[in-house]
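*Asks:* Numbering (the working numbering), first residue to last: 347 to 654.
This is the structure we're talking about:
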């Protein structure tokens with residue numbers, strides 16, 4: 347890399363309630379040479395952050411305009427009702443839309459849920475943010491319906507939350523002369539989005555991580571030189587550390603081998619050599635050169651034959 351080149355980096359925007367911790371950890375393990383920067387944005391500003399180049403990709407809530415942005419739906423969050431701990435609804439495991447009919451339900455201006463018809467009775471004034479709405483719930487002004495991750499994000503000791511269920515099948519199937527059925531419960535769909543015109547190799551890398559691809563997966567396009575160099579630096583760094591540790595162990599193995607060689611050269615092997623050459627070899631030499639068998643044979647061959 348020359349002095350004029352900018353080192354590769356990746357900026358990931360995320361909206362309130364998102365927790366990209368696991369994916370960031372995997373990124374740092376696989377692409378240690380490419381720093382990943384998290385950019386917190388409001389839910390309504392996530393798409394513009396991508397369009398204006400403030401982030402390379404974003405974890406946001408659908409819908410998003412697909413004219414210039416690509417998106418991969420990841421999961422749908424459970425919708426819950428935030429209530430005071432002393433509210434009657436805290437005594438049950440879940441609440442239905444019908445249970446909220448007589449309740450004041452707050453709908454902040456940054457509401458991320460798409461309602462056909464909001465449940466409950468509307469408040470006199472809409473809170474500006476979800477955080478403001480949570481404060482009003484704690485003050486006893488009304489209840490709040492949000493994705494579960496936001497209920498966790500703005501958790502307070504004096505508040506709790508319960509899952510909000512869809513209306514009963516009997517109510518939904520009521521005839522035209524019956525009272526209007528309760529509204530359905532929308533879920534908050536979470537997606538990974540990025541500018542379609544800037545689908546870089548690093549974006550593809552993060553898509554692979556989010557989709558659960560392994561490091562050896564062959565799916566996806568070939569890495570760019572920058573991504574390959576960053577991955578190579580990470581690999582070489584780990585290999586160098588492993589080689590350093592391995593060198594110490596190898597040295598110990600060589601030392602052990604030297605000791606073993608000394609034992610072999612001067613111990614059993616030497617004794618075996620002496621035994622072979624000095625004992626069995628000597629005996630074999632005597633038997634061959636001047637042994638009894640050879641002497642008797644020579645005597646027989648040198649003895650004159652008998653006459654009748």
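All residues carry an ideal CB built from backbone N, CA and C; glycine is no exception.
None of the values given here were measured: they were computed from a predicted structure.
Report yes if the CB atom of residue 365 is closer than 8 Å to the CB atom of residue 533, and no otherwise.
*Replies:* Translated into the one-based positions of the chain shown, residue 365 becomes position 19. Translated into the one-based positions of the chain shown, residue 533 becomes position 187. No, they are not a contact pair.
*Asks:* For residue 417 versus residue 408, is the C-beta distance shorter than 8 Å?
*Replies:* In the chain shown, the residue the question calls residue 417 occupies position 71. In the chain shown, the residue the question calls residue 408 occupies position 62. Yes, these two residues count as a Cβ contact at 8 Å.
*Asks:* If you compare alpha carbons, which of 552, 543 and 557 is closest to residue 356?
*Replies:* Taking the chain shown and counting its residues from 1, the one referred to as residue 356 is at position 10. Closest option to residue 356, Cα to Cα, is 552.
*Asks:* Between residue 446 and residue 490, which are expected to be in contact by the criterion C-beta below 8 Å, what is the C-beta distance as a whole number of angstroms?
*Replies:* Sequence index remark: in the chain shown, residue 446 carries index 100 (1-based). Sequence index remark: in the chain shown, residue 490 carries index 144 (1-based). Their Cβ separation, rounded to whole angstroms, is 11 Å, which puts residue 446 and residue 490 out of contact at 8 Å.
*Asks:* Need the endpoints of the beta strand (DSSP E) that residue 495 sits in, please.
*Replies:* Here residue 495 refers to the residue found at position 149 of the chain shown. Segment 494-499 is the alpha helix (DSSP H) holding residue 495; no beta strand (DSSP E) there.
*Asks:* Please list the terminal residues of the continuous alpha helix (DSSP H) segment that includes residue 549.
*Replies:* On the chain shown, residue 549 is found 203 positions in, with the first residue counted as 1. Start and end: 547-556.
*Asks:* Could you name the residues of the same chain whose beta carbon sits closer than 8 Å to that of residue 498, not counting the 5 residues immediately before and after it, in chain order?
*Replies:* On the chain shown, residue 498 is found 152 positions in, with the first residue counted as 1. 363.
*Asks:* Would DSSP call residue 630 helix, strand or coil?
*Replies:* As a first step, residue 630 must be located in the chain shown, where it is residue number 284. Confidence at residue 630 is low in this model, with a pLDDT of 42, below 50, so its placement is unreliable and no value can be given for it.
*Asks:* Please determine, among 535, 372, 481 and 371, the residue with the shortest C-alpha to C-alpha distance to residue 454.
*Replies:* Counting from one through the chain shown, the residue named residue 454 turns up at place 108. Closest by alpha carbon: 481.
*Asks:* Helix, strand or coil for residue 592? Go by DSSP, reduced to three states.
*Replies:* By one-based count along the chain shown, residue 592 stands at place 246. Reliability of the predicted coordinates at residue 592 is poor, the pLDDT of 48 falling under 50, and the value obtained from them is presented with this limitation in mind. In this structure, residue 592 counts as helix in the three-state DSSP scheme.
*Asks:* Since residue 487 and residue 474 are thought to touch, with beta carbons under 8 Å apart, how far apart are those beta carbons, to the nearest angstrom?
*Replies:* Residue numbering aside, residue 487 sits at position 141 when the chain shown is read from its first letter. Residue numbering aside, residue 474 sits at position 128 when the chain shown is read from its first letter. Residue 487 to residue 474, Cβ: 14 Å. No contact.
*Asks:* From residue 555 to residue 539, what distance separates their C-alpha atoms?
*Replies:* Stepping through the chain shown from its first residue, residue 555 is reached at position 209. Stepping through the chain shown from its first residue, residue 539 is reached at position 193. Residue 555 and residue 539: Cα-Cα distance of roughly 14 Å.
*Asks:* Quick check on residue 373: does DSSP put it in helix, strand or coil?
*Replies:* To locate residue 373, count along the chain shown from 1; it is residue 27. The answer is helix: DSSP assigns residue 373 an H, G or I state.
*Asks:* Within the continuous alpha helix (DSSP H) that includes residue 476, where are the two ends?
*Replies:* Numbered from its first residue, the chain shown carries residue 476 at position 130. First-last of the alpha helix (DSSP H) with residue 476: 476-484.
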